[in-house]
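**Student:** First the structure, which I've put down as structure tokens, then a few questions once you've had a look.
Residue numbers (this note's numbering): 52 to 440.
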């Protein structure tokens, strides 16, 4: 096959994109008419993609209005969702109607941390232990050194985990409105090189990452200690409203929740919810998030109670919601428009966005659980989700 053309001086132009499409079309016989139809200047793309040739257009709809009673997100929102799955937007909208008529969803961001976790390898466990104590004693200097590389990243603390003669340091940063993975990598590296320069007794090896930060994959350490934003959404639904809109009862929803809890335990699932990934992925694509972070962001915990009044309390907790409203793909034209719809783009928007995502997930969980209990799940997909070529 031909080598894809590149221009080392200015590779982000419509002409270069057309040249690459032409090579691919010639070699494969595929038409790229729709791939080549886009409305923005390729000049905005450096830092977001290489070998730009066009766009993958995904249908986008708005769910809602969603009513949120958060610390940062307050009011009603139309939620942009990019998906090709029929019934998804309709289902989330149904959950949003239910919670809106119940007075809205209370949301809280209860923790915030982004990590890099280097490992230091020593000649023996005693040298590793001594190093761990040195890190505790010198945290102030390590923090100052790490923060030399960033204006918005702040080193919050360093967790330590030891096995044999190895010691992982889990650097926890707050990152402002950025997701922060690249930010914390640079800051952690800078700090670690300074630490090594101090002369660490018994040190044999060091590497900046060795899978303990679990970047773009879920882990139980994330569930316990947070990666990104730890966001909670909760609502109390009057029993009559559940009957009128969802065609079920708090008792039936609570019983289904117990079955789902047991099924998740038996399967070894990282989430006892029904489909966190659906809402999160659709919002991530629409709003310019790093979509691979759905791997850790879609884990979570559903919890429910029947109140003494017979109403239904329901909550979702997302322990590792990795989101941004600044940097990455958030400034791309259509993605910025979607963040603008939510009033979240730019500095000061990330906690608000996290709360809206958490509230959206809750609505999807309620809607799907109700559809299963009321035996409307299959019929709704038959009606709205079938699209055969």
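All residues carry an ideal CB built from backbone N, CA and C; glycine is no exception.
Reducing DSSP to helix, strand and coil, say where residue 389 ends up.
**Tutor:** Looking up residue 389 in the chain shown gives position 338. It is helical.
**Student:** Smallest Cα separation from residue 392: which of 106, 153, 105, 132?
**Tutor:** Working through the chain shown from its first residue, we reach residue 392 at position 341. That would be 132, whose Cα lies nearest to the Cα of residue 392.
**Student:** What first and last residue would you give for the alpha helix (DSSP H) that runs through residue 297?
**Tutor:** Working through the chain shown from its first residue, we reach residue 297 at position 246. From DSSP, residue 297 is part of no alpha helix (DSSP H); its letter is neither H nor E.
**Student:** Leaving aside the five residues before and after residue 183 along the sequence, list all residues of the same chain whose C-beta is less than 6 Å from its C-beta, in chain order.
**Tutor:** The sequence position of residue 183 within the chain shown is 132, counting from 1. Closer than 6 Å at Cβ, skipping near neighbours: 211, 218.
**Student:** Within this structure, are the beta carbons of residue 207 and residue 242 separated by less than 8 Å?
**Tutor:** Your numbering for residue 207 matches position 156 in the chain shown. Your numbering for residue 242 matches position 191 in the chain shown. No, the pair does not count as a contact, with Cβ atoms beyond the cut-off.
**Student:** May I ask you to verify whether the stretch 120-127 touches the stretch 396-409, counting CB pairs closer than 8 Å and requiring at least 3?
**Tutor:** yes
**Student:** Report the start-end ranges of each alpha helix (DSSP H) in the stretch 125-187 that is 4 residues or longer and not cut off at the edges.
**Tutor:** 139-152
**Student:** Could you tell me which whole beta strand (DSSP E) segments of length 3 or greater appear in the stretch 326-398?
**Tutor:** 352-357, 363-372
**Student:** Could you please give me the residues that DSSP links to residue 47 through a beta bridge?
**Tutor:** The first residue shown for the chain is 52 and the last is 440, placing residue 47 beyond what the model contains.
**Student:** Do the stretch 147-165 and the stretch 283-294 make contact, defined as three or more Cβ pairs closer than 8 Å?
**Tutor:** yes
**Student:** Using the beta-carbon count (16 or more within 10 Å), is residue 416 buried or exposed?
**Tutor:** Numbered from 1 along the chain shown, position 365 holds the residue referred to as residue 416. Buried.
**Student:** Whole angstroms are fine: how far does the CA of residue 68 sit from the CA of residue 57?
**Tutor:** For this step, residue 57 is matched to residue 6 along the chain shown. For this step, residue 68 is matched to residue 17 along the chain shown. Answer to the nearest angstrom: the Cα atoms are 9 Å apart.
**Student:** Count the CB pairs spanning the stretch 73-86 and the stretch 365-383 that are closer than 8 Å, and state whether there are at least three.
**Tutor:** Touching, no.
**Student:** If contacts are defined as beta-carbon pairs under 8 Å, then residue 412 and residue 307 qualify, I think. What distance do you get, rounded to the angstrom?
**Tutor:** Working through the chain shown from its first residue, we reach residue 412 at position 361. Working through the chain shown from its first residue, we reach residue 307 at position 256. Going by Cβ atoms, the distance from residue 412 to residue 307 rounds to 17 Å, so no, they are not a contact pair.
**Student:** Would you check if the distance between the CB atom of residue 129 and the CB atom of residue 146 is smaller than 8 Å?
**Tutor:** Here the question's residue 129 lines up with position 78 in the chain shown. Here the question's residue 146 lines up with position 95 in the chain shown. Against a cut-off of 8 Å, the Cβ pair of residue 146 and residue 129 comes out as no contact.
**Student:** When you compare the stretch 323-335 with the stretch 344-353, are there three or more beta-carbon pairs, one atom per stretch, that lie closer than 8 Å?
**Tutor:** yes
**Student:** In the structure shown, what three-state DSSP assignment does residue 417 receive?
**Tutor:** Here residue 417 corresponds to residue number 366 of the chain shown, with the count starting at 1. Looking at residue 417 - three-state DSSP - the assignment turns out to be helix.
**Student:** Throw me the rounded Cβ distance for the residue 409 and residue 111 pair, which I believe falls under 8 Å.
**Tutor:** As a first step, residue 409 must be located in the chain shown, where it is residue number 358. As a first step, residue 111 must be located in the chain shown, where it is residue number 60. The Cβ separation is near 21 Å, so there is no contact.
**Student:** Please confirm whether residue 224 and residue 169 have their CB atoms less than 8 Å apart.
**Tutor:** In the chain shown, the residue the question calls residue 224 occupies position 173. In the chain shown, the residue the question calls residue 169 occupies position 118. No; because the gap between Cβ atoms is not below 8 Å, this pair is not in contact.
**Student:** How far does the beta strand (DSSP E) with residue 284 in it reach, from first residue to last?
**Tutor:** As a working mapping, residue 284 is identified with position 233 in the chain shown. Note, residue 284: beta strand (DSSP E), 279-288.
**Student:** Below 8 Å, how does it come out for the stretch 177-192 and the stretch 295-314: are there three or more Cβ pairs, yes or no?
**Tutor:** no
**Student:** For the putative contact between residue 238 and residue 200, defined by C-beta atoms under 8 Å, what is the C-beta separation to the nearest angstrom?
**Tutor:** Counting from one through the chain shown, the residue named residue 238 turns up at place 187. Counting from one through the chain shown, the residue named residue 200 turns up at place 149. Going by Cβ atoms, the distance from residue 238 to residue 200 rounds to 5 Å, so yes, they are a contact pair.
**Student:** Since residue 209 sits in a beta bridge, which residues does DSSP pair it with?
**Tutor:** Within the chain shown, residue 209 is the residue found at index 158, counting from 1. 222, per the DSSP bridge assignment.
**Student:** Check whether the Cβ atoms of residue 346 and residue 268 lie closer than 8 Å to each other.
**Tutor:** Counting from one through the chain shown, the residue named residue 346 turns up at place 295. Counting from one through the chain shown, the residue named residue 268 turns up at place 217. Yes.
**Student:** Taking the alpha helix (DSSP H) that residue 275 falls in, what are its first and last residues?
**Tutor:** Along the chain shown, read from residue 1 onward, the residue named residue 275 stands at position 224. Note, residue 275: alpha helix (DSSP H), 271-276.
**Student:** Contact check, residue 167 vs residue 260 under 8 Å by CB: the rounded distance?
**Tutor:** Start at 1 with the first residue of the chain shown, and residue 167 comes out as number 116. Start at 1 with the first residue of the chain shown, and residue 260 comes out as number 209. Indeed they touch by this definition, with Cβ atoms about 6 Å apart.
**Student:** For residue 114, which beta-bridge partners are listed by DSSP?
**Tutor:** Counted from its first residue, the chain shown places residue 114 at position 63. Its beta-bridge partners are 130.
**Student:** Can you tell me the Cα-Cα spacing of residue 176 and residue 255, whole angstroms?
**Tutor:** Stepping through the chain shown from its first residue, residue 176 is reached at position 125. Stepping through the chain shown from its first residue, residue 255 is reached at position 204. Each residue's alpha carbon lies about 12 Å from the other.
**Student:** Could you compute how far the alpha carbon of residue 366 sits from the alpha carbon of residue 140?
**Tutor:** Residue numbering aside, residue 366 sits at position 315 when the chain shown is read from its first letter. Residue numbering aside, residue 140 sits at position 89 when the chain shown is read from its first letter. Roughly 20 Å between the two C-alpha positions.
**Student:** Quick check: the Cα distance between residue 94 and residue 181, rounded to an integer number of angstroms?
**Tutor:** In the chain shown, the residue the question calls residue 94 occupies position 43. In the chain shown, the residue the question calls residue 181 occupies position 130. About 52 Å.
**Student:** For residue 89, report the span of its alpha helix (DSSP H) as first-last.
**Tutor:** As a position in the chain shown, residue 89 is number 38, starting the count at 1. No alpha helix (DSSP H) holds residue 89; DSSP gives it neither H nor E.
**Student:** If the criterion is Cβ atoms closer than 8 Å, does the pair residue 399 and residue 228 meet it?
**Tutor:** Walking along the chain shown from the start, residue 399 turns up at place 348. Walking along the chain shown from the start, residue 228 turns up at place 177. For residue 399 and residue 228, yes; Cβs fall inside 8 Å.
**Student:** Using the rule of at least 16 other Cβ atoms within 10 Å of the residue's Cβ for burial, across every protein chain shown, is residue 280 buried or exposed?
**Tutor:** As a working mapping, residue 280 is identified with position 229 in the chain shown. That one is buried.
**Student:** Hey, residue 301 and residue 91: beta-carbon distance below 8 Å or not?
**Tutor:** Walking along the chain shown from the start, residue 301 turns up at place 250. Walking along the chain shown from the start, residue 91 turns up at place 40. No, these two residues do not count as a Cβ contact at 8 Å.
**Student:** Tell me which same chain residues have a C-beta within less than 7 Å of the C-beta of residue 72, skipping the five on either side of it?
**Tutor:** Here residue 72 refers to the residue found at position 21 when the chain shown is read from its first residue. Correct list, in chain order: 83, 86, 87, 104, 105.
**Student:** Counting along the chain, where does the alpha helix (DSSP H) carrying residue 243 start and finish?
**Tutor:** Numbered from its first residue, the chain shown carries residue 243 at position 192. It spans 232-248 - the alpha helix (DSSP H) in which residue 243 sits, taken as one unbroken run.
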